[in-house]
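J.: Sending over a structure as structure tokens; questions will come in a sec.
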Amino acid sequence: MTSVALLHRITDFANRPDPYPLYAELRKTPVVRDEAGPYLVSTYWEIRSLLHDPRISSDARNLTAEAAKATGQDQDPDLPPNFLRLDPPEHDRLRRLATAPFGPPDTPRRVYDMHGELTDVVAELIDGCRGKEQIDLVDDISYPFPVTVICRLLGVPREDEKLFHEWADTIAAGPDPVVTDEEREAKLESVRRARRELAGYLAGLIEERRRSPRDDMLSAMAAGHGADGRMSPVEAVTTSALLLVAGHETTVNLITNGMLTLLRNPDVLQRLRAEPDLAVPLVEELLRFEPPVQMLPQRTTLADIDIAGTIIPKGASVYLMLASGSRDPQRFTDADRFIPDRSDNQHLGFGHGLHACFGAPLARLEAQLALTALVRRLDAPRLAEDPPPYRPNAVLRGPRHLPIAIGGIKD
Amino acid sequence: MRLVVDLNRCQGYAQCAFLAPDVFTMHGDEALMYDPQPDDEQRRNVRRAAEACPVRAITVEYGDGAPAAGTAGASRVG
Amino acid sequence: MSVDGYLEAFRSQGRIVVVGASLAGLRAAEALRDEGFTGTLTMIGDEPHEPYDRPPLSKQVLLGKVPPDHTALPRRRLVDAEWRLGVAATGLDLAAKRVQLSDGDSVEYDRLLITTGVRARPWPRELEAELDGVFVLRTRDDATRLHHRLKAGPRGVLVIGAGFTGSEIASACRERGLSVTVAERGAAPLVGALGGVVGEVAAELQRSHGVDLRCGVQVTGLEGDAAGRVRTAHFSDGAAVEAEVVVVALGATRNTEWLADSGLGAGPRGIACDAGCRAFDVRGIVTDDVFVAGDVARSPHPLFGYQFLSLEHWGNAVAQAEIAAHNMVSASTDRRPHLWMPSFWSAQFGVNIKSVGVPPMADQIIVTQGSLAEHRFTAAYGHQGRIIAAVTFDQAKWLDFYESEIERAAPFPPEFPTVDRRPEGMQPVPAGFPDPSLPSHGPTVTLSGHSPTDRRITFTPRRA
């Protein structure tokens, strides 16, 4: 079955502010082949089962040549794939190596101990808005906050942000589906160039850390650790590039979408102000309701897979429409309602299975702390523009600016 | 406060061990051990951990009459 | 009174007695209240403690990370029950609907739920079992005693039996830096539960963590010193091992003795019940007022040839308790079958072992992902050409997929490629389960045939 270019409508910039009605349309056929070639999977249980299905690969080398070309997932001749685009055992080894300096079992307190630091960074950024009658949440807070954090965590100089910002943006747009062959070629080239430049930049930093290590993740990844040995220099580069890009192209959307949703639901905003612990389930609901990663467009099949009455042939490109699955009324009651203390919220916001978001605990904390601080300290906030202007990205979807009129900044 | 983890559901995402490291610890890459009766000062961390569990495997009795979390729902694909 | 009228009266004012106040009993009591049962609820438990969780006892507790009395189970809701703890049930009168108690008292019920579970099988030689330093591990009190002794740093620990409990105890001892010998009658640890192929991996895990593992041997005797403290264990191969602590981990015995003359279909293999958790009587006729759940139950499962399965699984206790509770207070057309997929886990030597399905039913095994040598793998078990079970070592994220394959009776060996397939995973091999007719303490799933009772009914044809 072929959809009438539903993918094109989803990626059409005009639909960026509200893609959810299109997802609802998509869910009428849980697995559908789009005109553009890929199979779109849009219902909760089907997505979740494919995320745990060992016949699904994230490695572009398993795509048929035709599918690779149609979706612009040709191999980069310059750099090997990062662990997001690898299958086990390579994926598992690299992810364990990257986890070693980041989380349990080796470094269980790294994220937990950043609490105070995260709180301070948010506080400073909000302080910086004093005297303004209108802020741009993106430029003033939700972008600089996670960038500062990921830079400190990795050990990338914050002042170099000007340098890598554009590379990161270009790379982050990479997974977005494109329409014409010319667009595809142009994008492929620009993404490769950005990857090369970012890689060159990080290679220099890693070499420096190898010689004089500090207490940061770049040093740890350069030095290696434990039973899995160490990353090769190029693995350290591709892995740190992945973390740097993912660390500041996703959480920005979570925080911005969060504030946007709160301002559209003033009763919830009031509740959060009175009840800061509500931030914990509220952020989970945000991940379901307005997820920063809308879809995973980079999966393929190692065999013909029979799912929901459709056979996805071997080597096909498969798009897992996470944001649609998390709004599936077959799984969530009142799926289109924002319910901040929803119970049993097994959303797909961070994916599931072995590629589940690496930085999830950090993103959760950042969003919880930022939203709690914002509702507490912004006086009389209201949306200056609704819908706000969006970034072009369809996959990593979020507002480019979020102008908020305020009465002032409270202490 | 009392808690129990349904380790049939647990798939080793380790969110709890990141967010409440004094209560939940990973033993190796995937095996989870936890304190079933943590101090009350861990309350906020435990809540963070329970809500972040991707498979909702953590049941908590906060000891103040609040409903236990994590007991509902679909535990698996099907 | 109409049937509906009876049910309504029972739901509002009936008397339910739950014998067995552990995980299954507690979750059943909560579920009964959730289902709207407002009558009287009596909980009878032979241990003096409120319901507690057992899995931590062989892990966190032995490691000294959690005090034994910090394992009480969280409550999902208030149950408003009369708790009679520290009192065992000693008899059941089905006709009078009465449970006899060890303190001489008795309680009457309209409906009864039996969740008496299992107990540790003791060392068979009583005098040796009484030696100071000989332990079993099942209850909180067992764990308290064993932990106290391990903390003192005994010079040698002997674990008899390398099933899950024995292996976990050995793991905790090694983590404490104690010198440990494990004696296993079978060819490898976990062989009864997971077969010989996986058993070899478990053996390798133990040895690489410094366990002195002896397989294919039996402990023939325990010897004490003049003060009655255990000192030496003698093995069937002639060896002798010095040990100040001996932990007997020879599996479990079902707590059904109190039902011996009750007329219920109860015996050493458990209490037979139908898919709706209703107990059978000795004639193989299902009762309508006695229900069973948890480790003590054995019930038929359609995915596994309708054999009666006994499951010593945490998740089964919860799921079956919920079904039993629902069915106890529901009209027959509203009842639900207990069709739980057998699932369990074990954490040992830093590895997370998980399984779904019924491995001991399998004749073949294939490593579909990862590698046995790396101790990270997923393996599928086959029985007569279909997938019947799966096991993962540190690969739990894949298990959901195999569970759905078991549910749809997918062909074995799997006909598709998977990520991380290694050369060793190209062909199935014999799963290596020991002869099921030999006594074994390994499996946590017991296939116990098709008969609802342990007693044979002899059919005597009438002569013409």
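Chains as they are written, first to last, in our numbering: chain A, 44 to 454; chain B, 148 to 225; chain C, 5 to 468.
Heads up, the beta-carbon is just placed ideally off N, CA and C, and yes, glycines get one too.
Computed from a predicted structure; not experimentally measured.
#1: Let me see if you follow: with CB-CB separation under 8 Å, is residue 460 of chain C close to chain B or not?
#2: Grouping DSSP H, G and I as helix and E and B as strand, with all else coil, what is residue 50 of chain A?
#3: Note down, one range per segment and in chain order, each alpha helix (DSSP H) of at least 4 residues found wholly within the stretch 294 to 321 of chain A.
#4: Does the stretch 137 to 146 of chain C come close enough to the stretch 258 to 273 of chain C to have 3 or more Cβ pairs within less than 8 Å?
#5: Can you tell me which of the three DSSP states residue 262 of chain C falls into?
#6: Could you tell me if residue 336 of chain C is buried or exposed, where buried requires 16 or more neighbouring beta carbons within 10 angstroms of its beta carbon?
#7: Just the Cα atoms here: how many angstroms apart are residue 278 of chain C and residue 107 of chain C?
#8: Count the other CB atoms within 10 Å of the CB of residue 10 of chain C; is the residue buried (16 or more) or exposed (fewer)?
#9: Which one of B:154, B:148 and B:149 has the shortest CA to CA distance from residue 201 of chain B?
#10: Compare the C-beta of residue 393 of chain A with all C-beta atoms of chain B and state if any pair is closer than 8 Å.
#11: In terms of residue numbering, what span does the beta strand (DSSP E) encompassing residue 181 of chain B cover?
#12: For the alpha helix (DSSP H) containing residue 238 of chain C, name the first residue and the last one.
#13: DSSP beta-bridge partners for residue 136 of chain C?
#14: Note down, in chain order, each residue of its chain lying with its Cβ closer than 6 Å to the Cβ of residue 95 of chain A, except the 5 sequence neighbours on either side.
#15: I need the DSSP call for residue 17 of chain C, collapsed to helix, strand or coil.
#16: Got a sec? Which residues, its chain only, sit under 8 Å from residue 356 of chain A by beta carbon, not counting five neighbours each side?
#17: Would you kindly work out how many angstroms separate the C-alpha atoms of residue 225 of chain B and residue 114 of chain C, rounded to a whole number?
#18: Where does residue 433 of chain A sit, in a helix, a strand or coil, going by DSSP?
#19: Under a CB-based cut-off of 8 Å, is residue 389 of chain A close to chain B?
#20: Using a Cβ-Cβ distance cut-off of 8 Å, determine whether residue 75 of chain C contacts chain B.
#21: At what residue ranges does the stretch 350 to 411 of chain C contain a whole run of the alpha helix (DSSP H), taking only runs of 4 or more?
#22: Given a limit of 8 Å on CB to CB distance, which residues of the stretch 178 to 190 of chain B reach chain C?
#23: Quick check: is the beta carbon of residue 164 of chain B nearer than 8 Å to any beta carbon in chain A?
#24: Using the Cβ count rule (16 or more neighbours within 10 Å means buried), how would you classify residue 257 of chain A?
#25: If you measure from the beta carbon of residue 98 of chain A to each beta carbon in chain C, is any gap under 8 Å?
#26: Under 9 Å Cβ-Cβ, which residues of chain C neighbour residue 176 of chain B?
#27: So for residue 219 of chain C, helix, strand or coil by DSSP?
#28: In whole angstroms, give me the CA-to-CA distance for residue 391 of chain A and residue 320 of chain A.
#29: Any idea if residue 82 of chain C is buried or exposed, counting beta-carbon neighbours within 10 angstroms, 16 or more meaning buried?
#30: Return the chain-ordered ranges of every beta strand (DSSP E) run that is complete within the stretch 60 to 107 of chain A and spans a minimum of 3 residues.
#31: Mind listing which residues of the stretch 117 to 142 of chain A have their C-beta closer than 8 Å to chain C's C-betas, in chain order?
#32: Apart from the five residues on each side of it in sequence, which residues of its chain come closer than 8 Å, Cβ to Cβ, to residue 264 of chain C?
#33: Kindly indicate if chain A contains any beta-carbon less than 8 Å away from that of residue 371 of chain C.
#34: Taking the CB atoms as reference points, tell me whether residue 142 of chain A and residue 164 of chain A lie closer together than 8 Å.
#35: Given this structure, state the Cα-to-Cα distance separating residue 288 of chain C from residue 209 of chain C, to the nearest angstrom.
#36: Report the rounded CA-to-CA distance for residue 214 of chain B versus residue 148 of chain B, giving the unit in angstroms.
T.: So, to answer that:
#1: At residue 460 of chain C the pLDDT is 46, less than 50, meaning the model places this residue with poor confidence; the figure from the coordinates comes in the next sentence. Taking 8 Å as the threshold, the shortest C-beta distance from residue 460 of chain C to chain B does not fall below it.
#2: helix
#3: You should have 294 to 307 and 309 to 317.
#4: With the rule of 3 Cβ pairs closer than 8 Å, the stretch 137 to 146 of chain C does not count as touching the stretch 258 to 273 of chain C.
#5: Judged by DSSP in its simplified three-state form, residue 262 of chain C adopts helix.
#6: That one is exposed.
#7: The straight-line gap from Cα to Cα measures roughly 32 Å.
#8: exposed
#9: B:154
#10: So, interface residue.
#11: 178 to 181
#12: No alpha helix (DSSP H) holds residue 238 of chain C; the beta strand (DSSP E) holding it covers 234 to 239.
#13: C:233
#14: 396
#15: helix
#16: Closer than 8 Å at the Cβ level, and outside the excluded window around residue 356 of chain A, lie 344 and 347.
#17: Here residue 225 of chain B scores only 28 on pLDDT, less than 50, and its place in the model is too uncertain to base an answer on.
#18: Here residue 433 of chain A sits in strand by DSSP.
#19: yes
#20: Yes - at least one Cβ of chain B is within 8 Å of the one on residue 75 of chain C.
#21: 403 to 411
#22: Against chain C - using a Cβ distance shorter than 8 Å - the residues of the stretch 178 to 190 of chain B are 178, 179, 180, 181, 182, 183 and 184.
#23: Between residue 164 of chain B and chain A, the shortest Cβ-Cβ separation is below 8 Å.
#24: Its Cβ having fewer than 16 others within 10 Å, residue 257 of chain A is exposed.
#25: yes
#26: 354, 355, 356, 380 and 398
#27: strand
#28: 22 Å
#29: exposed
#30: As far as the stretch 60 to 107 of chain A is concerned, its whole beta strand (DSSP E) runs of at least 3 residues are 74 to 77 and 82 to 84.
#31: 130, 131, 132 and 135
#32: 270
#33: no
#34: In this structure, residue 164 of chain A does not lie closer than 8 Å to residue 142 of chain A by Cβ.
#35: 45 Å
#36: In this prediction, residue 214 of chain B scores a pLDDT of 49, lower than 50, which makes its location untrustworthy; the coordinate-derived value is nonetheless stated afterwards. Rounded to the nearest angstrom, the two C-alpha atoms are 12 Å apart.
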